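Those protein sequences? They're chains A and B, same order as listed. Number 310 in numbering that gives the first Met the number 0 belongs to position 311 of the first sequence; there are no gaps in the numbering. Number 144 in numbering that gives the first Met the number 0 belongs to position 145 of the second sequence; there are no gaps in the numbering. Every residue, glycine too, gets a C-beta built ideally from N, C-alpha and C. The model shown is predicted, which means the values in this text are computed figures rather than measured ones.
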Amino acid sequence: MGNILVLAEHRQGALRDISYEMMALAPKLAEDMGCEVTVLLVGSKMDDLAKKMAAYGSKVLVVDDPLFENFNAEKYQKVLSALIDDLKPAVVMTGQTAQGVDFIPALAVEKNLPLVAEAISLEYANGTLKATRQLYSGKVNATVAFKPADTYLVTIREGVVEPPDAAADGAVEKVDSPLKDDLTYRSFVEYIEAEVGDVDITQSDTLVAVGRGLKEDKNLSIIEELAQAIRADIAGSRAATDAGWIPHDRQVGTSGKSVKPKLYIAMGISGAFQHVAGMKGAKTVVAINKDPEAPIFTVADYAIVDDMFKVVPKLIEKLKELKG
Amino acid sequence: MKMFVCIKYVPDTSEAEVKVNPDGVTVDSSRFSFDINDADNYAVEESVLIKEAKEGDVTVVSIGPKKSDVMIRMAMAKGCDQAVRIEDDRIAGHDPLMVAKALAAAIKGQEFDLVLTGCMASDDGHMSTGVALAEELGVNHASMVKKVEVLDGKVRAHRELEGGLLEVVELELPAVLTIQTGINEPRYAPIRGIRQAQKKELKVVSLDDLGVDPASVGSDASMVVLEELYIPEVESSAEFIEGEAEEKAEKLASILVKGGLV
């Protein structure tokens, strides 16, 4: 059987957390499958990053070439395609990240290989690889089994496991780039940093965050009143910023900010993992949501299952009374 | 600009409990209202904005039942020109690679500059269909796009990465772009548009009509099996505050004040 090929992800000179997280999942799976883990790094000037990945005990293959100075989905697809032919890995594992989603599905089609996207766990038993993934923003879990194939493609959700401790050093081996010439049909232009707003919510002590449950713009006034009463800043989920209710620089989640306030009040936020990933550093979490099964309650310290608009007016009144 | 926009009809489960049917592999969607997938709604708007700026023509493509016609008509009311709805139970809907193959069959053989679709479906959330579709069509792509600039023979796409960082890429046309939510402000359909949409062509086709061998996009062709759906246990250590809404509010206020949290 071939190895588990883990594509380590990096950007702007640093490894992404998902790279370490996969090193918590891959060795266990390799043990069950009776194979080894091989890490793959594709980039330019990769020596330091290769050393960091090798600290997890597996062999690290490095495609180090100026052509890969910046991520390019088409180039990555070409490299992986060639290495799958060469190495015949049993599994190719990447992150379900902005990089992973940009080329793995195309690779699956090109190589006619099965793909399970955004697995949260993997299990190999009786010759079958199975993945657990989530549907409906985390309200439903699915068990998906791979039919037998030469190589299984799987992407892993970010933040589902803690990175492991470093182990013995693995070997680092450079491999020739399968890509000889630059591409003309897709090119990297630049990175644009996220906009900076008037309030830096990553520094806030108290945050009142609203989601889809806010329903409409005009309902924001009662939230502002609450925020004022407890000297909180207002933040929002992706749904709230997409709708234009909350400025984009106040979005909490994977595509926004990671916050760590002393108190986080989530109102009308279902708590999809993308949001939770951005607020799990909060010390105390209060969640108010109509749906008793809302995933936000899994990270809450205090929970109210109810319509936020029935709760908030009285909450403001009582807070004012108690605080004098 | 000749464009296609691929959209999906999904249940709104954002504030409701989801239950799994006794078959163990489908959810009970009878209590939910259905509408266009959130990200697809932004893709429709983007296609209409491009059409308004550059002139052109937009064809809606969707796989779904008759009741999704209302969604398709709405997209046409906003400015899309015609539509193809693939209605065929033999497509393995759990596998985005099979879905992409069926969508590609409705587009292949026709000229186009851009295919737009949402970057993620709110129901099964693979974020895979659009990128797989690009490969099926043999064209360029960029995923999770938050801004589109159409240039001469090229498109400049701003991809949204983690932490709000944008990666700007340039692609030669034709290309597939998967659109991220928040890229624009989806319009409401004007009354006149709703009337006009009734007269626009909405072709309903089967796999056979598209010349697709049903076996090539069905469960047998799919290399993954959806074995089981189940509701994950909500492992909550939260203190659930009980009572009428106002009581709950009062109790929460006391907890926050007494705990020194506010």
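Exercise. What does DSSP give as the partner residues of isoleucine 191 of chain A in its beta bridges?
Worked result: On the first sequence, residue 191 of chain A is found 192 positions in, with the first residue counted as 1. Isoleucine 191 of chain A pairs with B:Leu165.
Exercise. Any chance the region 86-97 of chain B sits against the region 208-223 of chain B, with 3 or more Cβ pairs inside 8 Å?
Worked result: yes
Exercise. Which residues bound the beta strand (DSSP E) around threonine 396 of chain A?
Worked result: As displayed, chain A neither begins before 0 nor continues past 323, which places residue 396 of chain A out of reach and without an answer.
Exercise. For a contact meaning CB atoms closer than 7 Å, what does proline 231 of chain B contact in chain A?
Worked result: One-based indexing of the second sequence puts residue 231 of chain B at position 232. Near proline 231 of chain B (Cβ distances below 7 Å), the residues of chain A are Asn140.
Problem set entry | Contacting positions in the region 104-130 of chain A - beta carbon closer than 9 Å to chain E | No chain E is part of this structure, whose protein chains are labelled A and B.
Exercise. Alpha carbon to alpha carbon, what distance is there between isoleucine 71 of chain B and serine 61 of chain B?
Worked result: Taking the second sequence and counting its residues from 1, one reaches residue 61 of chain B at position 62. Taking the second sequence and counting its residues from 1, one reaches residue 71 of chain B at position 72. Serine 61 of chain B and isoleucine 71 of chain B: Cα-Cα distance of roughly 8 Å.
For this session: List the residues of chain B whose Cβ lies closer than 9 Å to the Cβ of threonine 253 of chain A, in chain order.
Result: Counted from its first residue, the first sequence places residue 253 of chain A at position 254. From the beta-carbon of threonine 253 of chain A, the residues of chain B found nearer than 9 Å are Glu161, Gly162.
For this session: Would you decide whether lysine 146 of chain A is buried or exposed? Buried here means 16 or more other CB atoms lie within 10 Å of its CB.
Result: Taking the first sequence and counting its residues from 1, one reaches residue 146 of chain A at position 147. Flag for lysine 146 of chain A reads exposed.
Exercise. Closest by CA to lysine 65 of chain B, which one among B:Ser205, B:Gly163, B:Val224, B:Leu170?
Worked result: As a position in the second sequence, residue 65 of chain B is number 66, starting the count at 1. Selected option, being the one with the closest Cα: B:Ser205.
For this session: Under 8 Å by Cβ, that's how I've got lysine 282 of chain A and lysine 256 of chain A pegged, so tell me the actual separation to the nearest angstrom.
Result: Within the first sequence, the letter at position 283 stands for residue 282 of chain A. Within the first sequence, the letter at position 257 stands for residue 256 of chain A. Lysine 282 of chain A to lysine 256 of chain A, Cβ: 17 Å. No contact.
Exercise. Relative to chain A, which residues along the region 121-137 of chain B have a C-beta separation below 9 Å, given in chain order?
Worked result: Ser121, Asp122, Asp123, Gly124, His125, Met126, Ser127, Thr128, Gly129, Val130, Ala131, Leu132, Ala133, Glu134, Glu135
Problem set entry | Whole-angstrom distance between leucine 60 of chain A and methionine 52 of chain A, CA atom to CA atom | Counting from 1 along the first sequence, the entry for residue 52 of chain A is found at position 53. Counting from 1 along the first sequence, the entry for residue 60 of chain A is found at position 61. Approximately 10 Å, taken between the alpha carbons.
For this session: Please decide whether glutamate 166 of chain B counts as near chain A, where near means a Cβ-Cβ distance under 9 Å.
Result: Residue 166 of chain B sits at position 167 when you count from the first residue of the second sequence. Judged by the 9 Å Cβ criterion, glutamate 166 of chain B is in contact with chain A.
Problem set entry | Neighbourhood of glycine 137 of chain A by C-beta, 7 Å cutoff - its chain only, sequence neighbours within 5 removed | What you label residue 137 of chain A is simply residue 138 of the first sequence in a count that begins at 1. So the list reads Ala271, Phe272, Pro294, once near-sequence residues are dropped.
For this session: Please report the Cβ distance between alanine 42 of chain B and threonine 128 of chain B, rounded to the nearest whole angstrom; I am assuming they are in contact, meaning their Cβ atoms lie under 8 Å.
Result: Taking the first residue of the second sequence as position 1, residue 42 of chain B is located at position 43. Taking the first residue of the second sequence as position 1, residue 128 of chain B is located at position 129. Contact between alanine 42 of chain B and threonine 128 of chain B fails: their C-beta atoms lie close to 12 Å from each other, not under 8 Å.
Exercise. Between which two residues does the alpha helix (DSSP H) harbouring leucine 262 of chain B extend?
Worked result: Outside the shown range of chain B, which is 0 to 261, sits residue 262 of chain B, and nothing can be said about it.
For this session: Excluding the 5 residues preceding and the 5 following leucine 136 of chain B in the sequence, name in chain order all residues of the same chain whose CB lies nearer than 6 Å to its CB.
Result: Here residue 136 of chain B is taken as the residue at index 137 of the second sequence, counted from 1. For leucine 136 of chain B, where only same-chain residues beyond five positions count, the Cβ hits under 6 Å are Ala103.
Exercise. Name the chain A residues that come within less than 7 Å of leucine 48 of chain B, Cβ to Cβ?
Worked result: To locate residue 48 of chain B, count along the second sequence from 1; it is residue 49. Within chain A, no residue comes near leucine 48 of chain B; the closest Cβ sits about 16 Å away, beyond 7 Å.
For this session: Anything in chain A within Cβ reach of threonine 116 of chain B, meaning under 8 Å, just list it in chain order.
Result: Your numbering for residue 116 of chain B matches position 117 in the second sequence. Those within 8 Å of threonine 116 of chain B in chain A number zero; the least Cβ separation is about 12 Å.
Problem set entry | Rounded straight-line distance, which links the Cα of glutamate 159 of chain B to that of leucine 106 of chain A | Here residue 106 of chain A is taken as the residue at index 107 of the first sequence, counted from 1. Here residue 159 of chain B is taken as the residue at index 160 of the second sequence, counted from 1. If I take the Cα positions, the gap works out to 21 Å.
Exercise. Taking only beta-carbon atoms, is proline 162 of chain A less than 9 Å away from chain B?
Worked result: Start at 1 with the first residue of the first sequence, and residue 162 of chain A comes out as number 163. So no, proline 162 of chain A is outside the interface.
Exercise. On the premise that alanine 231 of chain A lies in contact with isoleucine 245 of chain A, defined as a C-beta separation below 8 Å, what is that separation, rounded to the nearest angstrom?
Worked result: Here residue 245 of chain A is taken as the residue at index 246 of the first sequence, counted from 1. Here residue 231 of chain A is taken as the residue at index 232 of the first sequence, counted from 1. The Cβ separation is near 13 Å, so there is no contact.
Problem set entry | Simplified DSSP assignment, three categories, for proline 177 of chain A | As a first step, residue 177 of chain A must be located in the first sequence, where it is residue number 178. Of the three classes helix, strand and coil, the one that applies to proline 177 of chain A here is coil, per DSSP.
For this session: Give the straight-line distance between the Cα atoms of alanine 156 of chain B and alanine 124 of chain A, rounded to the nearest whole angstrom.
Result: Taking the first residue of the second sequence as 1, we reach residue 156 of chain B at position 157. Taking the first residue of the first sequence as 1, we reach residue 124 of chain A at position 125. So the alpha carbons of these two residues sit roughly 43 Å apart.
Exercise. Using CA coordinates, which residue listed in B:Met73, B:Asp68, B:Ser46, B:Gly181 is at the minimum distance from aspartate 37 of chain B?
Worked result: Taking the first residue of the second sequence as 1, we reach residue 37 of chain B at position 38. For aspartate 37 of chain B, the nearest C-alpha among the options comes from B:Gly181.
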